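The structure under discussion appears below in the form of structure tokens.
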Amino acid sequence: MLQRVSYWYLVLIPFMVAIGGFALPEMSPAIYIPIWMVMAILMVTAFTIIRNPARLRSSDNLIFPTPAPLLLIAPWFFISVFFGFGPPPSTVEGWVANLTEQQVRYAILLIPGLLVPAGFVILCRYLKLAGETTFSAIGQTAILIAAPLFLLNMAYWGTFLGEAFKGFVASGSTVRPDWYAPVRALLESLSTIEVALFYLATLAFAFSLKKSSVFKPFACHMYIVFSMAGFILDICGSFLPEPVSFAGYLVAIPAIPLIMPYLMGVNLLKLGNKGTAEQKSSLQVLKRERTTEE
Numbered sequence: 076m077l078q079r080v081s082y083w084y085l086v087l088i089p090f091m092v093a094i095g096g097f098a099l100p101e102m103s104p105a106i107y108i109p110i111w112m113v114m115a116i117l118m119v120t121a122f123t124i125i126r127n128p129a130r131l132r133s134s135d136n137l138i139f140p141t142p143a144p145l146l147l148i149a150p151w152f153f154i155s156v157f158f159g160f161g162p163p164p165s166t167v168e169g170w171v172a173n174l175t176e177q178q179v180r181y182a183i184l185l186i187p188g189l190l191v192p193a194g195f196v197i198l199c200r201y202l203k204l205a206g207e208t209t210f211s212a213i214g215q216t217a218i219l220i221a222a223p224l225f226l227l228n229m230a231y232w233g234t235f236l237g238e239a240f241k242g243f244v245a246s247g248s249t250v251r252p253d254w255y256a257p258v259r260a261l262l263e264s265l266s267t268i269e270v271a272l273f274y275l276a277t278l279a280f281a282f283s284l285k286k287s288s289v290f291k292p293f294a295c296h297m298y299i300v301f302s303m304a305g306f307i308l309d310i311c312g313s314f315l316p317e318p319v320s321f322a323g324y325l326v327a328i329p330a331i332p333l334i335m336p337y338l339m340g341v342n343l344l345k346l347g348n349k350g351t352a353e354q355k356s357s358l359q360v361l362k363r364e365r366t367t368e369e
């Protein structure tokens with residue numbers, strides 16, 4: 076019972092953070108920091124309850140990638156602080172007035188840009204050992220290309236944009252410098268590519284997990300549907316009428332593409348705790364199939 080409650084608490088974390096970060100008004104640090112500390116402590120507790128401390132091995136000596144769930148889940152330990160941040164300011168003046176908070180927001184988002192790719196690389200190695208090489212390789216390639224673009228995008232929002240806005244406010248002019256529009260257009264284009272690659276990586280790993288029978292088909296189908304929807308909305312959303320264009324904006328919010336990798340990590344954690352009985356059986360079948368083909 077305790078493990079089930081812990082599992083569902085972890086599953087709901089991204090959605091609670093999204094509601095707190097966008098649907099609720101901005102809170103003062105005296106309120107949202109204690110809330111974040113409680114959420115973070117509960118996350119660590121739930122992780123500890125669910126995880127199996129032993130390194131699990133299948134019958135054909137394949138090692139379960141115990142670091143992968145941790146690396147995919149850990150970013151949300153930090154992102155959960157956004158519960159009381161509220162959405163980013165919609166005006167230049169509002170951004171400058173809350174500059175430190177915005178710098179902290181995007182500095183925190185640098186963390187998943189490092190941890191999620193590392194988690195996927197470890198997962199890719201495991202899936203290749205399990206016999207699935209095509210989709211896992213596509214996923215790994217996509218996430219390794221997306222990672223530096225993600226870090227560049229967060230640096231742009233967290234440092235460059237804030238300094239530019241400070242200069243605009245100090246000058247008192249509403250006319251932007253000639254360089255501003257081209258630079259912003261370039262970074263927005265790179266952001267679109269980065270988000271699309273994140274969804275593509277998640278989509279590829281969902282296919283890989285399905286093909287290797289690590290997850291049940293229903294879970295894989297959910298990852299596939301939402302990742303594909305995110306990919307399409309990110310690429311095409313701005314060219315379509317409302318409310319589709321607004322959905323395209325939502326799926327490109329930096330934390331949103333991180334939800335599917337996080338949920339994969341939670342399910343890998345749960346899989347390890349169950350002893351991977353079904354996984355062992357499927358790996359035995361894959362091994363027999365490979366032996367027959369040879």
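Throughout, our numbering is defined as the position within the sequence shown, counted from one, plus 75.
In this text, a Cβ means the ideal position worked out from N, Cα and C, and glycines have one as well.
Owing to the predicted nature of the structure, the values given are computational and were not obtained by experimental measurement.
- VAL119: first and last residue of the uninterrupted alpha helix (DSSP H) it sits in: For VAL119, the enclosing alpha helix (DSSP H) has its first and last residue at 104 to 125.
- MET229: first and last residue of the uninterrupted alpha helix (DSSP H) it sits in: Following the DSSP letters along the chain, one finds MET229 inside the alpha helix (DSSP H) bounded by residues 209 to 230.
- In the DSSP assignment, find the alpha helix (DSSP H) that holds PHE293 and state where it starts and stops. 292 to 311
- Can you tell me where the alpha helix (DSSP H) with PRO150 in it begins and where it stops? 150 to 154
- Query: Cα-Cα, which of TYR255, GLU168, VAL167 and LEU174 is closest to PHE160?
  - Reply: Of the candidates TYR255, GLU168, VAL167 and LEU174, the one whose C-alpha sits nearest the C-alpha of PHE160 is LEU174.
- Would you mind reading off the limits of the alpha helix (DSSP H) that contains GLY247? First-last for GLY247: undefined, no H or E at that position.
- Message: Taking the straight line between their C-alpha atoms, what separation do you get for ILE324 and GLU168?
- Response: What sits at residue 324 in the sequence shown is Tyr, not Ile. Rounded to the nearest angstrom, the two C-alpha atoms are 22 Å apart.
- On a CA-only basis, which of LEU117, PRO163 and PHE153 is nearest MET102? Give me that one, please. PRO163
- Measure the alpha-carbon distance for LEU77 versus VAL341 and round it to whole angstroms. 15 Å
- Are the Cβ atoms of GLU207 and SER287 separated by less than 9 Å? yes
- Query: Excluding five sequence neighbours on each side, which residues of the same chain lie with their C-beta closer than 8 Å to the C-beta of LEU272?
  - Reply: Excluding its 5 nearest sequence neighbours in each direction, LEU272 has C-beta neighbours in its own chain below 8 Å: ALA217, ILE218, ILE220, ALA221 and LEU224, listed in chain order.
- Apply the 10 Å Cβ neighbour rule to TRP332 and answer buried if 16 or more other Cβ atoms are within range, or exposed otherwise. First, the residue type needs correcting, since residue 332 is Pro and not Trp in the sequence shown. By the 10 Å Cβ count, PRO332 comes out buried.
- Task: Quick one: using the 10 Å Cβ neighbour count with 16 as the cut-off for buried, is ALA276 buried or exposed?
- Result: buried
- Item | Buried or exposed (CB count within 10 angstroms, at least 16 for buried), MET229 | buried
- Look at the alpha carbon of GLY237 and the alpha carbon of PHE293, and state the distance between them as a whole number of angstroms. 43 Å
- Assigned secondary structure, ASN342 (DSSP; H/G/I helix, E/B strand, else coil): Three-state result, ASN342: helix.
- Rounded separation between TRP151 and PHE90 - CA only: 11 Å
- Buried versus exposed call for ILE299 [16 or more other C-beta atoms within 10 Å across all chains shown]: buried
- Message: Spatial neighbours of ALA322 within its chain, please: C-beta separation below 8 Å, excluding the five flanking residues on both sides.
- Response: These residues qualify, in order along the chain: LEU308 and GLY312.
- For LYS291, count neighbouring C-beta atoms within 10 Å of its own C-beta (all shown protein chains included) and say buried if the count is 16 or more, exposed if not. exposed
- Under three-state DSSP, which class holds SER165? coil
- Message: Taking the alpha carbon of ILE310 as the reference point, which residue from LYS345, TRP232 and ILE268 has its own alpha carbon closest?
- Response: ILE268
- Item | Backbone CA spacing between PHE243 and ARG180 [nearest angstrom] | Rounded to the nearest angstrom, the two C-alpha atoms are 21 Å apart.
- Task: Can you grab the Cα-Cα spacing for the pair TYR255 / ALA245, in whole Å?
- Result: 16 Å
- Task: Please go through the same chain and pick out, in chain order, the residues whose beta-carbon is closer than 7 Å to the beta-carbon of ALA232, but skip the five residues on each side of it.
- Result: According to the sequence as given, residue 232 is Trp; it is not Ala. Apart from sequence neighbours up to five positions away, the residues of its chain that approach TRP232 with a beta-carbon distance below 7 Å are TYR181, ordered along the chain.
- Query: Rounded to the nearest angstrom, how far is the Cβ of GLY194 from that of SER283, given a contact under 8 Å?
  - Reply: Incorrect: roughly 14 Å between the Cβ atoms, too far for contact.
- Query: Who are the near neighbours of MET335 in its chain, counting only those whose CB is closer than 7 Å to its CB and skipping five residues on each side?
  - Reply: Within the same chain, Cβ atoms closer than 7 Å to the Cβ of MET335 are found at THR277, TYR298, PHE301 and SER302, the five residues on either side in sequence being excluded.
- Item | Closest Cα partner of ASP253 within the set SER264, ALA239, SER320 and LEU265 | ALA239
- Query: Within this structure, are the beta carbons of PHE158 and ILE186 separated by less than 9 Å?
  - Reply: no
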